[in-house]
Amino acid sequence: MKQSVILIYFCYLLPPILTGTSAENSACMSLEWQCKSGQCIPLDAKCDGVVNCGDGSDESAEFCLETFCPEYSFKCAYGACISGTSKCNGIKNCADNSDESVLLCGTGSGRFGKKCPENYFQCDSGDCISSDEHCDGRKNCADGSDETLKSCKTVDCPKFSFKCAYGACISGRFKCNGINECHDGSDEAKDLCGSKIGSPLSGEPGSCRVTLGSNMIIALKMNQSLPINEGDFVNDVSSIIYTCNRGYSLLGRKDNVCFRGSWAYPPPKCIKTSAENSPCLSLEWQCKSGECIPSDEKCDGVVNCGDGSDESAEFCLETTCPEYSFKCAYGACISGTSKCNGIKNCADNSDESVLLCGTGSGRFGKKCPENYFQCDSGDCIWLNEHCDGRKNCADGSDETLKTCKTDDCPMFSFKCAYGACVRGSAKCNGINECHDGSDEAKDICGERIETNVNLPLPSDTTSSRLRSARSTEVGSCRVVLGPNMIITAENDTSLDLKNGDLINDLSPVKYKCKSGYTLFGPADNLCFKGSWVYGPPECLKTCPNTVIEGITFHVTCAINRTRVSCEGPIRPGTIAMVTCARGYKKPDRSVRDTLICDTSGEWDYHSYSCVPICGQKTAEQYRALRSISVSISQVPWYATIYRRGDQGAEHICGGTIISAKLVISAAHCVWSESIDSTKYLVVVGKNNRDYIAMEKSETQVFDVSEIHIARGYLGESTSYQNDIAVLVLNKFIRYQSHIKPACLEWRNYAKRDLLPDTMGEIAGWGRFSVNGSFSDDLRASSLPVIDRAECLKKVGPGYESVIAGDKFCVGSPNIDAAPCQGASGGGFLVPKRIEGIPTYFLEGVISTSLSKEKCGTEYYIALTSIQYHELMIKELEARFKPK
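Here the sequence shown stands for residues -23 to -1, 1 to 860, where the numbers follow mature numbering (1 follows the signal peptide of the UniProt record, and there is no 0).
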């Protein structure tokens, strides 16, 4: 079952979404769906009528057309499922609005005339909002038409409310509370409220606003005779008490504390306690025992009531289950795919009965599914819950020496005595995280000494809260000082607290780390009723994220089986999974795909850059000697150079992509007395010569930040020797199927020159015949290298010196195949088979024709060999190499 030690290692560390690196595996979580753009969304957000993917792919016919919709739902034209009651209700519920089409709903449908459903208000824009949201002081219509004098002037407000100037109704308690509750602010008008005087309950930074629940009374703990009103502000580190009106009982915690602008605990609710009414809330169901559970947990196969009444025939037998589900023997509904899967999903196990599944089914012999562990009792748990320090099998068989002794734990973790793996920081932290408590064993952690030291009191100028900070009074909290951590009392940060010190109720503390460590968790904490409001933070060495930043690869990070951000300082235990970006590949098959941040703040493996996939075409190759029109995908390395001018961008030359930031062209294309890189633009991915022409495929446009011309180039005066330039782009090219670099290969001096008749390819928008016009469409030719002696026979008068030094000739006499004019700077690429794949290598750059009067189709053309400029090109490649 376990194929290798490495596989076991990665499965322990990574969530299911990160265990594979192949292209067929999604990078999303098990309950997520991956958009075409790569974005991850919740699985149930796909094909639900609402666009959640940035590219809209979750609501497209491509992915939704085959979706099965239940009988009670409505199927949108493109396949999504929405509630059947949402059809023709005047609200766009399908992404394509097909639920409000004229054909379906009639000419008055949708927002173009149809009235909103009962209990809805129709905005002027046609949108529908709940009637309760109309004239309530808040703008709920996008156009604000629900809060205007026109729509609210006839509204009657209850006696206890306040009527806004334009007619809306708000709570009477909101009048003159310092907050604009009316949309027009009339509840805080100066002639109504007079000048504002600061309340002892408001105005302090970090204060919390009171939300008064129905039938609830709130008072300050220090002065319970003074009730607090809705909207009042309670100061930082102040506590309150909740009580309910007569006939109601409190559901939740009876006290709370404001800390740093937030309440420490969720607010309670006051529920009616009369015998004729259930004490449960509207979305809850009452068990026979009186306990309240969420309504959707009734008859779902899982016992949630302490007395089991939510999964009994008495309450479930009459339940109607959807077609795609399975109905348990006592009436509960579970997923249809859960039947006979070896896992008890019905409370009575009727989904795994012998009669239904056969003699090998369920917990009586059947193996658990892949990625599950089978307990001795026959129950199935997730594989990543096996040997994790916590008892997940009811019989505890997942945390025994027998099942865990062969497990290999990662280097940053702690291995329990019986073999389970827990986080490294679990050792000696005062909490039993191993099931057997071996992470807190005395022989590892030493003798624990509980201290309660009374230190000398600070000066009288210190607040009373700090003065008695270290005490044993009721409600105090014990300081837990983590490794490399410093804790101070908020009002005297010069006084460091010690491990075991006791801090009084309502006393805040501050955390910071020693030099070289980073704080993970809250920087402030508060002692409240004997407990800290927040869990303690940690001080840890961190790994630099610069190691996992680059354009040649993508990184996904996870820690403790949960995806985390790869930004900022990286926490120890984080696993970074590296996948090469589009157009790149691993430099070596043996290179690891994962890096682990260890406790020393170092990555356990050196970083690497993926290497570009060069010289490979995706489109069908052409072989004709004659000039033909081609698509950019047949010459994906071709770049176009434009010069800025008063009339726009003018095409001047071609070039060849050799790396994500470098394009090679001819020096004469960009050479002048003063070379100005800002005059030029480079575009890749273009099929049409016109700069503003619309393209079917993506193009990428770049400014030129630097221009490097080969040393010794002086133009025509030196017969175009060293006619080669490298343009540095202002940003990196994003490789696509139609945008790729050419390959480079360097040969020793003796083999620099290409052999005669070596075939290569050129491309461009030049004239490809003597009397031809410039082509708007990209054209290409396949041409042979000409022997130098043969080439000299065809040279025009005065051009003999051109065929010397770094030049070589290509051409095809008497065949309309070679460029005549306008193709300068383009590359000459020679194909070779590398591992059976045709791969194209750049060998030369088109420099000049060999006659003033004649075209290259008759006289050949001269190219600059890149082999003579190896040093310059290599230096620039190293300088601008992408990571």
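Think of the CB as a built atom: it goes at the ideal place given N, C-alpha and C, for glycine as much as any other residue.
Checklist entry - Out of curiosity, what's the CA-to-CA distance linking D76 and P47? => result So the two alpha carbons sit approximately 16 angstroms from each other.
Next on the checklist: Counting beta carbon pairs with one atom in the segment 693 to 705 and one in the segment 582 to 597, are three or more of them shorter than 8 angstroms?
Outcome noted: In this structure the segment 582 to 597 does not lie against the segment 693 to 705, because fewer than three pairs of beta carbons, one per stretch, are closer than 8 angstroms.
Checklist entry - Short check: CB of R538 to CB of T519, under 8 angstroms? => result Contact flag unset, no.
Next on the checklist: What does the alpha-carbon distance come out to for the pair V640 and G692?
Outcome noted: Looking at the two C-alpha atoms, the distance is approximately 20 angstroms.
Next on the checklist: Here's a check: name, in chain order, each residue in its chain whose Cβ is nearer than 8 angstroms to the Cβ of R559, leaving out the five neighbours to either side.
Outcome noted: Cβ neighbours of R559 beyond the five flanking positions: R711, Y712, Q713.
Item to check | Residues sharing a beta bridge with H685, DSSP | outcome: Paired residue(s): V703.
Next on the checklist: For a minimum of 3 consecutive residues, which ranges assigned as the beta strand (DSSP E) are wholly contained in the segment 260 to 329?
Outcome noted: Uninterrupted beta strand (DSSP E) stretches at least 3 residues long and entirely within the segment 260 to 329 occur at 261 to 263, 269 to 271, 302 to 304, 310 to 312, given in chain order.
Checklist entry - If you run the structure through DSSP and keep just helix, strand and coil, what is L572? => result Residue state, collapsed to three classes: strand.
Item to check | Other residues of its chain near V772: CB distance less than 6 angstroms, five sequence neighbours each side excluded | outcome: The residues L827, in chain order, have a CB closer than 6 angstroms to that of V772 in the same chain once the five nearest residues on each side in sequence are set aside.
Checklist entry - So what does I480 bridge to, in DSSP terms? => result Answer is C454.
Checklist entry - Just to confirm, are G31 and S14 a CB contact at a threshold of 8 angstroms? => result Yes.
Item to check | Three-state secondary structure (DSSP) of M193 | outcome: Here DSSP, grouped into helix, strand and coil, assigns M193 to strand.
Item to check | Element boundaries [alpha helix (DSSP H), containing D420] | outcome: Residues 419 to 422.
Checklist entry - Candidates D365, Y697, N406: which alpha carbon is nearest C398's? => result Of the candidates D365, Y697, N406, the one whose C-alpha sits nearest the C-alpha of C398 is D365.
Item to check | Which of helix, strand or coil DSSP assigns to L472 | outcome: In this structure, L472 counts as strand in the three-state DSSP scheme.
Checklist entry - Are Y301 and D325 touching if we call contact CB-CB under 8 angstroms? => result Cβ distance not < 8 angstroms, so Y301 and D325 don't count as in contact.
Checklist entry - Nearest-angstrom Cα distance between K717 and D667? => result The alpha-carbon atoms of K717 and D667 are separated by roughly 21 angstroms.
Checklist entry - Is M849 helix, strand or coil when you go by DSSP? => result M849: helix per DSSP, three-state reduction.
Item to check | Local Cβ density within 10 Å of K475, reported as buried at 16 or more and exposed below that | outcome: By the neighbour-count rule (16 or more Cβ atoms within 10 Å), K475 is not buried but exposed.
Next on the checklist: Distance check for T188 and D113, CA to CA, integer angstroms please.
Outcome noted: Rounded to whole angstroms, D113 to T188 spans 17 angstroms at the Cα level.
Item to check | Segment contact flag, the segment 722 to 729 with the segment 663 to 679, C-beta cutoff 8 angstroms, min 3 pairs | outcome: Too few Cβ pairs lie closer than 8 angstroms, so no.
Next on the checklist: I'd like the list of long-range same chain contacts for Y615, defined as Cβ closer than 6 angstroms, with 5 residues on each side in sequence excluded.
Outcome noted: If we look at Y615 and ignore the five residues flanking it on each side, its Cβ neighbours are A740.
Next on the checklist: Closer than 8 angstroms is the cut-off here; do at least three beta carbon pairs connect the segment 575 to 593 with the segment 757 to 774?
Outcome noted: At 8 angstroms Cβ cutoff, the stretches do not touch.
Item to check | Environment of residue 865 [buried if 16+ CB atoms lie within 10 Å] | outcome: Past the boundaries of the shown model lies residue 865; the chain is included only from -23 to 860, so the question cannot be answered.
Checklist entry - Would you call the segment 261 to 276 and the segment 213 to 225 touching, i.e. three or more CB-CB distances under 8 angstroms? => result Three or more Cβ pairs closer than 8 angstroms define a contact, and the segment 261 to 276 falls short of that threshold against the segment 213 to 225.
Checklist entry - When burial is assigned at 16 or more other CB atoms within 10 Å of the CB, is Y55 buried or exposed? => result Y55 should be labelled buried.
Checklist entry - At what residues does the alpha helix (DSSP H) containing C5 begin and finish? => result No alpha helix (DSSP H) contains C5, which DSSP labels as neither H nor E.
Item to check | Three-way DSSP call (helix, strand, coil) for F530 in this model | outcome: Three-state result, F530: strand.
Checklist entry - Is any heavy atom in the ligand FMN found nearer than 7 angstroms to the beta carbon of R810? => result Ligands are entirely absent from the displayed structure, and the ligand FMN is therefore not among its contents.
Next on the checklist: Going by DSSP in three states, F151 sits in which element: helix, strand or coil?
Outcome noted: Looking at F151 - three-state DSSP - the assignment turns out to be helix.
Next on the checklist: Within 10 Å of its beta-carbon, does Y242 have 16 or more other beta-carbons around it, so buried, or fewer, so exposed?
Outcome noted: Y242 is exposed by the Cβ-count criterion.
Checklist entry - Got a sec, what are the start and stop residues for the alpha helix (DSSP H) D168 sits in? => result 167 to 170 is the extent of the alpha helix (DSSP H) around D168.
Checklist entry - Can you tell which of S226, V779, C129 has the C-alpha that lies nearest to the C-alpha of T841? => result If we check each option's Cα against that of T841, V779 comes out closest.
Checklist entry - Is it buried or exposed for residue 925, if we count other Cβ within 10 angstroms and need 16 for buried? => result This structure does not reach residue 925, given that the chain is present from -23 up to 860, and the question cannot be answered.
Item to check | Selected residue, minimal CA-CA separation from W509, among A766, K487, E207 | outcome: Of A766, K487, E207, the residue nearest in Cα terms is K487.
Next on the checklist: Per DSSP, what are the beta-bridge partners of N233 in this structure?
Outcome noted: As a beta-bridge residue in DSSP terms, N233 pairs with I217.
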